[in-house]
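Working notes, structure below.
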Amino acid sequence: MSLFKSIFSPITRGNTSLFLLGAICLNFAVLQVNAKVSGDEEDRRNARVQASYITRLVKCIRWEENSTESQENFKIVVVGDETDGLVSALSFLVEQSNLSSETHFIEVFHYPNSKSEEAIDFITTGTNFVYFTQDSILTVKDVTPYRN
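Here the sequence shown stands for residues 1 to 148, numbered as in our numbering.
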């Protein structure tokens, strides 16, 4: 350190110290942004895993003999607000893989919290699978009386 003090002028030493301090602060700022981005990416990854789980579960559903006579589509309803991409991932998986439950094609519907009454009306008409997001204002107890 004495070599550093003896060779460079005080102004140069100050500028160098300020530059190094700025580089360290910038490094911490970049690391925090990367941590936030990786958290968002983890949420999207979890949404894709949930969508994959739902599609695999739907593939395994076996229909009763009487219910296979009607050729209605298999309806998946996602109720509640979601920002992680669950609905888009689920729709993508259904469309790309031509997913069906036995001979019934699958449709995905999404009702955010602001349309909860419409969701109840739609569920009343008949659905096969209802998925509640974590922040859904509707619960299973709210929907059960309306299920067929």
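For each residue, glycine too, the CB sits at the ideal point set by N, CA and C.
- For aspartate 84, the number of other beta carbons within 10 angstroms of its own is at least 16, and it is reported as buried.
- If you look at glutamate 107, you'll find it in the beta strand (DSSP E) that goes 104-111.
- In the structure shown, the three-state DSSP call for isoleucine 76 is strand.
- In this structure, Tyr146 is the residue among Asp135, Cys60, Ile106, Tyr146 with its C-alpha nearest to the C-alpha of isoleucine 120.
- Distance from the CA of cysteine 60 to the CA of phenylalanine 129, rounded to the nearest whole angstrom, comes to 13 Å.
- Here the alpha carbons of asparagine 98 and valine 78 stand approximately 19 Å from one another.
- When the Cα atoms are used, asparagine 46 and glutamate 118 turn out to be separated by approximately 27 Å.
- Residue environment: valine 140 is assigned as exposed (fewer than 16 neighbouring CB atoms within 10 Å of its CB, all protein chains considered).
- Comparing alpha-carbon positions, the option among Tyr111, Gly126, Phe122 lying closest to aspartate 81 turns out to be Tyr111.
- Distance between aspartate 40 and threonine 127, taken at the CA atoms: about 31 Å.
- Residue nearest to valine 87 within the set Phe105, Ser114, Ser116, Thr55 is Thr55 (criterion: CA-CA distance).
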